[in-house]
Amino acid sequence: MSTVERAAPARAAAHPATRRRLRDREWVWGYAMIAPLVLGLGVFYLWPVVQSVYYSFTEWTLFGDSSWVGLSNYEKLFTDAAYGKALRNTFLYGGLSLLGIPISIAVAALLNTKGLKLVSFYRTLYFLPVVTMPTAVAMIWTWLYNGDYGLINYALSLVGIEGTSWIANPSTALYALVLVGVWTQIGYNAVIFMAGLQSIPSHLYEAASIDGAGRVRQFFKVTLPLLSPSVFFVSVLSVINGLQMFDLVYLMFRKGNPAREDTQTVVSLFFSRAFEEGAKGYAAAMAVVLMLITLLLTVVQFRMQKRWVHYA
Amino acid sequence: MTGKTWALVCAGALVAGLAGCSSSGGGDSDGKVTLTYAYWDEKNQGAAMKKIIEEFTRTHPSIEVKLQFTPNKEYWTKLQTAAAGGSAPDVFWMNGPRIGLYASQGALMPISDQIAQDKVDMGKFPKSLVDLYTIDGKQYGIPKDFDTIGLWYNKALFDAAKVAYPDASWTWDDVRAAAKKLTDPGKGVYGIGAMAWPQEVYYNTIFQAGGYVVSDDKKKSGYDDPATIEGLKFWKEFLDQKLSPSIQQMTDNDPIEMFKSGKLAMWYDGSYDAPQYAKTEGLAADVAPLPAGPKGKATVIHGLANVVYAKTKHPKEAWEFLKFLGSEQANKIQAESGAVIPAYEGLQETWVKSMPNVHLQAFIDQLPDAKPYPVSKNTAGWSAAETDAITKAFSDGQDVETVAKQFAATMNAALSQEK
Chain A
1 MSTVERAAPA RAAAHPATRR RLRDREWVWG YAMIAPLVLG LGVFYLWPVV QSVYYSFTEW
61 TLFGDSSWVG LSNYEKLFTD AAYGKALRNT FLYGGLSLLG IPISIAVAAL LNTKGLKLVS
121 FYRTLYFLPV VTMPTAVAMI WTWLYNGDYG LINYALSLVG IEGTSWIANP STALYALVLV
181 GVWTQIGYNA VIFMAGLQSI PSHLYEAASI DGAGRVRQFF KVTLPLLSPS VFFVSVLSVI
241 NGLQMFDLVY LMFRKGNPAR EDTQTVVSLF FSRAFEEGAK GYAAAMAVVL MLITLLLTVV
301 QFRMQKRWVH YA
Chain B
1 MTGKTWALVC AGALVAGLAG CSSSGGGDSD GKVTLTYAYW DEKNQGAAMK KIIEEFTRTH
61 PSIEVKLQFT PNKEYWTKLQ TAAAGGSAPD VFWMNGPRIG LYASQGALMP ISDQIAQDKV
121 DMGKFPKSLV DLYTIDGKQY GIPKDFDTIG LWYNKALFDA AKVAYPDASW TWDDVRAAAK
181 KLTDPGKGVY GIGAMAWPQE VYYNTIFQAG GYVVSDDKKK SGYDDPATIE GLKFWKEFLD
241 QKLSPSIQQM TDNDPIEMFK SGKLAMWYDG SYDAPQYAKT EGLAADVAPL PAGPKGKATV
301 IHGLANVVYA KTKHPKEAWE FLKFLGSEQA NKIQAESGAV IPAYEGLQET WVKSMPNVHL
361 QAFIDQLPDA KPYPVSKNTA GWSAAETDAI TKAFSDGQDV ETVAKQFAAT MNAALSQEK
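Chains A and B are the protein sequences, given in the same order. Start counting the first sequence at 1; every next residue gets the next number (UniProt numbering). Start counting the second sequence at 1; every next residue gets the next number (UniProt numbering).
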């Protein structure tokens with residue numbers, strides 16, 4: 001590190017002309033390097049955002065003719081009971097999916113235990129759900145949750161508890177969904193937390209134990225504060241992902257499920273409005289509102305981080 | 001960072017792009033014209049479609065037909081996007097709930113003139129089907145097939161409970177009495193499956209009670225009509241008395257599978273599911289006409305039609321192909337496959353004989369009492385909400401009348417937005 005830092009200014013100082021050329025070229029190279037990412041983001045993220053905002057002020061006929069309708073799509077949002085319900089479900093889901101964070105920290109801490117055998121086996125096991133296709137995840141859990149023949153109810157029956165039709169019962173369906181969502185996220189979160197745990201210098205623990213701190217106290221006074229940047233990162237991602245829940249809802253709660261109303265998220269409602277009912281302009285307005293909510297929550301989280309996130 | 005939302009929008013755009021690449025082939029250099037024909041049922045009907053095309057190209061060597069299969073779940077999304085991009089298939093399958101929208105928005109080619117010119121006899125098809133595809137006095141499709149609903153029953157369960165098999169004389173009261181005798185909680189056997197499915201289940205009883213789903217002028221919902229509500233209550237009684245599995249149970253376990261595995265003694269289902277009941281091993285199933293309600297007999301009739309895309313590059317060739325699809329020859333190929341009842345008059349016999357172990361004649365005998373599948377111009381604008389509402393109405397602790405009346409208001413609002 002230090003040799004490079006010293007060498008660069010030394011050479012540049014010797015040849016001012018070279019320095020200028022180099023700077024010019026750096027300018028070009030810098031942009032060339034980020035071009036693929038910027039173009040990709042621009043074409044596949046930013047441009048659709050701009051288009052969606054535009055579409056939210058229009059109404060579409062089925063076959064692509066659109067007309068400007070001003071704010072009427074947004075007005076309709078206030079009277080659409082299904083949208084209100086979807087918002088409630090989405091917030092509940094997003095909030096509850098934060099429960100995955102303490103679970104992931106516990107998993108990461110366990111996987112990080114010194115002298116643990118078969119570490120890579122366990123790591124793979126926990127990470128597997130992350131890379132499993134949502135379709136497969138939804139199918140397996142649908143079987144597990146089956147009221148009459150599901151494994152979960154069978155296990156419960158052994159201890160004398162009578163289960164229910166977990167994903168067809170309106171009062172349990174959303175929680176059943178949260179459980180699956182959290183389950184699929186644990187592996188990803190745990191990897192981030194493991195990296196965070198490993199970057200905590202061991203001398204801090206030594207110092208703490210010399211000062212007489214027990215393991216519990218070490219966890220709360222050393223581990224947790226130094227892990228807070230990872231916790232912050234994961235919680236921002238969890239909230240964003242939670243608000244955009246779609247695939248599992250679409251796959252597990254099909255038409256005709258009595259709990260559908262209680263599990264529809266904003267994005268799954270967006271999908272049916274836009275692509276099944278053909279109300280593309282109205283659906284775009286739903287998406288724009290969701291984007292603003294997501295933006296707001298993320299800004300709030302970034303503001304709040306000063307209070308509890310410690311960067312070492 | 002709102003990835004998925006926008007990804008969806010992108011996905012829509014991609015679908016449009018892909019569809020644009022794949023359909024509507026132009027004329028080849030040797031003067032050969034290529035048509036694309038889209039359909040959604042490969043498992044039951046793929047073979048028949050291929051055979052029909054083989055026959056067609058034999059007599060029309062200058063036209064090539066490419067089959068384009070899309071699973072039913074994505075069919076309409078894809079077709080709609082392709083039509084919006086001006087590149088839908090030349091000829092494709094159409095159904096009742098969608099015809100109003102597609103025809104009224106100019107996506108389909110009217111064929112009344114061609115029918116008159118080539119003297120195609122529309123009298124060979126059931127009138128209710130021809131009417132279904134007539135919008136504002138213009139014909140848009142030639143019926144392809146049709147289906148009615150019947151009362152499927154498990155003979156072994158009837159024998160065990162010593163109940164006489166259903167026949168054409170049955171009424172609602174016979175169903176009620178039989179369901180009571182057939183239910184055996186110890187064995188997990190239910191008398192009947194009261195699932196919240198419209199076409200197979202509650203539309204039929206709504207009509208049998210003298211109710212309606214959409215008024216004839218398509219302006220009013222029938223769900224606040226006492227007769228309609230009576231048709232729904234027929235099913236709710238079975239659910240309340242536990243003579244049917246609960247809606248939750250039937251969400252977890254497909255009632256079709258429950259019937260096949262002997263958990264349901266009676267089950268209302270369409271002629272299109274006949275092949276799987278006739279072929280399930282260990283299942284002795286048969287079918288009878290639907291029992292009569294307070295206002296007599298009724299069954300839902302629905303049928304598909306073949307239609308031509310309004311912006312096809314080869315209207316003449318597409319019409320030739322459409323005419324062939326509506327011919328006796330093409331219908332005969334369908335009949336022999338057993339998958340669907342062909343729409344063409346006189347060919348129903350062939351279909352009835354395709355599965356001799358079940359009494360398929362029951363579906364044909366009901367034709368005089370058949371009521372068209374209820375549709376409006378934009379059926380999709382209310383049908384999803386309808387399924388959700390009736391599912392709720394059929395769930396534990398819900399009052400059918402209250403929920404149905406609430407939905408009537410929702411549906412009326414949707415109907416009022418149709419132009």
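Note that beta-carbon positions come from the ideal geometry of N, C-alpha and C, so glycine has one too. Computed from a predicted structure; not experimentally measured.
Alpha carbons only, please: which of the options is nearest the one belonging to residue i?
i        : options                                   : result
Tyr282/A : Val267/A, Leu116/A and Leu226/A           : Val267/A
Gln80/B  : Tyr188/A, Ala86/A, Trp60/A and Val137/A   : Trp60/A
Lys43/B  : Pro275/B, Ala194/B, Pro97/B and Asp217/B  : Pro275/B
Glu151/B : Lys332/B, Ser337/B, Leu157/B and Asp167/B : Here the sequence assigns Leu to residue 151/B, which means Glu is not the residue at that position. If we check each option's Cα against that of Leu151/B, Asp167/B comes out closest.
Val358/B : Val33/B, Asp113/B, Gly338/B and Pro198/B  : Gly338/B
Phe57/A  : Ala82/A, Met291/A and Lys280/A            : Lys280/A
Ile105/A : Asp80/A, Leu269/A and Phe193/A            : Phe193/A
Lys78/B  : Phe302/A, Ala274/A, Tyr188/A and Thr135/A : Ala274/A
Glu317/B : Val65/B, Tyr202/B, Phe238/B and Arg58/B   : Val65/B
Arg260/A : Arg98/B, Asp113/B, Glu386/B and Lys32/B   : Glu386/B
Within 10 angstroms of the Cβ of residue i, are there 16 or more other Cβ atoms? Answer buried if so, exposed if not.
i        : result
Leu101/B : buried
Lys127/B : exposed
His302/B : buried
Trp170/B : buried
Leu325/B : buried
Leu290/B : buried
Tyr190/B : buried
Ala414/B : buried
Ser235/A : buried
Tyr175/A : exposed
Lys260/B : buried
Asp225/B : buried
Tyr149/A : exposed
Taking 7 Å as the CB-CB limit, is residue i close to chain B?
i             : result
Ser165/A      : yes
Pro258/A      : yes
Leu62/A       : yes
Phe253/A      : no
residue 346/A : The question about residue 346/A has no answer here: the residues shown for chain A are numbered 1 through 312.
Gly181/A      : no
Gly84/A       : no
Asn89/A       : no
Gly147/A      : yes
Asn169/A      : yes
Quick one: does residue i have its CB under 7 Å from some CB of chain A?
i             : result
Asp252/B      : yes
Ala107/B      : yes
Asp240/B      : no
Ile247/B      : yes
Ala83/B       : yes
residue 424/B : In the structure displayed, chain B extends from 1 to 419; residue 424/B sits before or after that span and is not available.
Thr312/B      : no
Leu101/B      : yes
Met411/B      : no
Thr205/B      : no
Thr402/B      : no
Do residue i and residue j have their CB atoms nearer than 7 Å?
i        : j        : result
Ile111/B : Gln139/B : yes
Asp254/B : Ser165/A : no
Lys405/B : Gln398/B : no
Ala285/B : Asn154/B : yes
Thr183/B : Gly211/B : no
Val307/B : Gly141/B : yes
Gly231/B : Ile149/B : no
Trp172/B : Gly296/B : no
Ala179/B : Leu243/B : yes
Gly85/B  : Glu277/A : no
Thr184/A : Pro102/A : no
I'd like to confirm the pairing. Which residues does DSSP put opposite residue i in its beta bridges?
i             : result
Trp93/B       : Asn306/B
residue 349/A : For chain A, the structure presents residues 1 to 312; residue 349/A sits outside this window and is missing.
Lys371/B      : Val300/B
Ala288/B      : Leu151/B
residue 459/B : Nothing about residue 459/B can be reported from this structure: the residues present for chain B run from 1 to 419 only.
Tyr39/B       : Phe69/B
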